[in-house]
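Numbering-wise (this note's numbering), the sequence shown opens with residue 1366 and increments by one. Glycine included, every Cβ here is placed at the ideal spot set by N, Cα and C. Computed from a predicted model, the values in this text were never measured in an experiment.
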Amino acid sequence: MILCQRHLFDLPEEVAYFNCAYMSPLLNSAVAAGREAAARKAQPWRITTPDFFSGPERARELFARLIGAAAGDIALVPAASYGLSVAAANLKPPAGSRILLLQDQFPSNVYVWRKLATERAADLLTVARPPDGDWTQAILAALDDSVSLLALPHCHWTDGGLIDLARIGGRAREVGAELVLDLTQSAGALPFDVRDVQPAFAVAATYKWLLGPYYCGFLYVSPRYQDGRPIEFNWIARAGSQDFARLVDYREDLQPGARRFDVGEGANFGLLPVATVALEQLNAWGVPAIQASLRGLTDRIAERAQELQLRAAPRDLRAGHFLGLRLPQGGASDLARRLAAENVHVSVRGDAMRVTPHLYNNDADIDRLFGALHRAL
Ligand SMILES: Cc1ncc(COP(=O)(O)O)c(C=O)c1O
């Protein structure tokens, strides 16, 4: 278990922030990196040609380490939706086959598949929220050889409902289906290894559990798809782009591995240093230790929530960093606003109140949460 790390963040004592699933705060060290990044842009002679490559390589390497991949398997993207668009541009579900999604899945991981299904004359198969909360069984029950593609998260973004991706990956391979993952609500907090799951593509935006900035993300591309088609045609993704003097010797060949899929201006001198500092800290803590520590917090919150008739999913069916509490008579919509007025921050998605802590939360925050809930309910 990791002790409370609040001293590394800029969180006033009176603020109880339980909303990492909405947007994480930055580490103080990441804020310093952002300031230094802005200062370098103020003096652009300090940004040299090798920096266009070394910053991205370091970030790739650190994200790859978190998910059991190699640096060359990682592309730089600005958003989850961009990474999912790269995936869709490189997958060809046969006509009449089905693309499997979850009920109430995050829209960036829905619209793109609606479009692909229309283009390929394929169908969508939406797995309904299982009454017992067991998404893994519900997905396995729906997964037959009519399914060519599954687009899934590791836990549901509304309430943390957990999906056993290793089991689903194994079954997907048996029926010949590809797996595309949106890890935005889990990467950095929930252990995940591409070698166990073997997805075709997996994306994560950095501004939640990767403790990074908005407008940054990483896309894992399986070696099986690394000769695929990028969705834009930027100069730096071309082979030999390190030699700025020769850029007008136009070339058709591309940078090796997943680098060909990088968004234009992926070196992102303003934001990537911020994301990199956060990745260094996450790697130093270790994702299993982060998960165990956050589970300790959510277990305590789930237990105290019972007094107020707030129901969480069974412990083994929810991700440890993520709590979705359901009110006895529904109607959570006004609750987040009333708690925020008391400096207690949660969010409401669907009929669940999301309580999503991180290592900065302490006992006083939990007391504040329950004090505010007692007054609001
Ligand atoms: C599951 C999930 N995926 C992705 C995102 C962000 O998507 P994008 O990067 O396309 O804005 C969010 C934001 O709430 C999310 O909850």
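Please list, in chain order, all residues of the same chain as Leu1734 whose beta carbon is under 8 Å from its beta carbon, the five residues on each side excluded.
Ala1381, Phe1383, Ile1666, Leu1704, Val1709, Val1711 and Val1720
Tell me the rounded alpha-carbon separation between Tyr1590 and Ala1640.
26 Å
Could you compute how far the alpha carbon of Trp1500 sits from the alpha carbon of Pro1458?
23 Å
Would the beta-carbon of Val1568 fall within 8 Å of that of Val1442?
yes
For Val1562, report the span of its beta strand (DSSP E) as first-last.
Looking at the DSSP string, Val1562 is not in any beta strand (DSSP E); the run it does join, the alpha helix (DSSP H), is Val1559 to Val1562.
Sub-8 Å separation of Phe1659 and Gly1685 beta-carbons
Correcting the residue type first, residue 1659 is Leu in the shown sequence and not Phe. Cβ atoms of Leu1659 and Gly1685: closer than 8 Å.
Is DSSP giving His1519 helix, strand or coil here?
coil
Cβ neighbour criterion (16 or more within 10 Å) applied to Gly1461
By the Cβ neighbour-count rule, Gly1461 is exposed, with fewer than 16 other Cβ atoms within 10 Å of its own.
Between Asn1474 and ligand 1, is the CB less than 7 Å from at least one heavy atom?
yes
Can you tell me whether Gly1577 sits near ligand 1, meaning its C-beta is under 7 Å from at least one heavy atom of the ligand?
no
Taking only heavy atoms of ligand 1 into account, decide whether any of them is closer than 7 Å to the Cβ of Ser1450.
Not under cutoff, so the answer is no.
Beta-carbon spacing of Val1586, Ala1440 below 8 Å:
With contacts defined by Cβ atoms closer than 8 Å, Val1586 and Ala1440 form a contacting pair.
Beta-carbon separation of Leu1467 and Trp1478 under 8 Å?
no
Which runs of the alpha helix (DSSP H) at least 4 residues long sit entirely within the region 1552-1595? Give them in chain order.
1559-1562
Any heavy atom of ligand 1 closer than 7 Å to the Cβ of Ser1712?
no
When you compare the CB positions of Ile1655 and Leu1724, do they come within less than 8 Å of one another, or not?
yes
Check your reading: residues with Cβ closer than 5 Å to ligand 1 heavy atoms:
Ala1444, Ala1445, Ser1446, Phe1471, Ser1473, Trp1522, Asp1547, Thr1549, Gln1550 and Ala1570
Please go through the same chain and pick out, in chain order, the residues whose beta-carbon is closer than 6 Å to the beta-carbon of Leu1481, but skip the five residues on each side of it.
Ala1453
Whole-angstrom distance between Phe1583 and Gly1448, CA atom to CA atom
So the two alpha carbons sit approximately 8 Å from each other.
Could you work out which residue in Pro1679, Ala1741 and Asp1416 is closest to Pro1495 when comparing CA atoms only?
Pro1679
Thr1491: first and last residue of the uninterrupted alpha helix (DSSP H) it sits in
Per DSSP, Thr1491 belongs to no alpha helix (DSSP H); it is in the beta strand (DSSP E), Asp1488 to Val1492.
Neighbourhood of Arg1411 by C-beta, 7 Å cutoff - its chain only, sequence neighbours within 5 removed:
Arg1405
Could you tell me which residues DSSP pairs with His1339 in its beta bridges?
Given a span of 1366 to 1742 for the chain in the structure shown, any question on residue 1339 remains unanswerable.
By DSSP, does Asp1547 sit in helix, in strand, or in coil?
DSSP, read as helix, strand or coil, puts Asp1547 in strand.
Identified DSSP bridge partners for Arg1703:
Partner(s): none; Arg1703 has no beta bridge.
Delimiting residues of the beta strand (DSSP E) encompassing Gly1689:
Leu1688 to Arg1691
Helix, strand or coil at Ala1729 [DSSP, three-state]
helix
Using only CA atoms, which one of Ala1552, Glu1543, Ile1504 and Leu1456 lies nearest to Ile1596?
Leu1456
Run through the DSSP bridge pairs and tell me what Met1718 is partnered with.
DSSP lists Leu1690 and Val1713 as partners of Met1718.
Can you find the residues in the same chain that come closer than 6 Å, C-beta to C-beta, to Pro1390, ignoring five residues on each side of it along the sequence?
Phe1374
By Cβ distance, which residues of its chain are closer than 7 Å to Gly1577, with the 5 residues on each side in sequence left out?
Thr1571, Val1639, Ala1640 and Ala1643
Looking at C-alpha atoms only, which residue of Phe1626, Gly1715, Arg1691 and Phe1687 is the closest neighbour of Glu1672?
Measuring C-alpha to C-alpha distances from Glu1672 to each of Phe1626, Gly1715, Arg1691 and Phe1687 identifies Arg1691 as the nearest.
Give me the residue from Ile1533, Phe1687 and His1739 with the minimum Cα distance to Ala1507.
Ranked by how close their Cα comes to the Cα of Ala1507, the residues Ile1533, Phe1687 and His1739 have Ile1533 in first place.
Could you have a look at Arg1463 and say whether DSSP puts it in helix, strand or coil?
strand
Which partner residues of Phe1374 appear in the DSSP bridge assignment?
Leu1392
Please tell me whether Leu1498 and Leu1742 are closer than 8 Å, where the distance is taken between their beta carbons.
A small fix is needed here, since residue 1498 is Gly in this sequence, not Leu. No.
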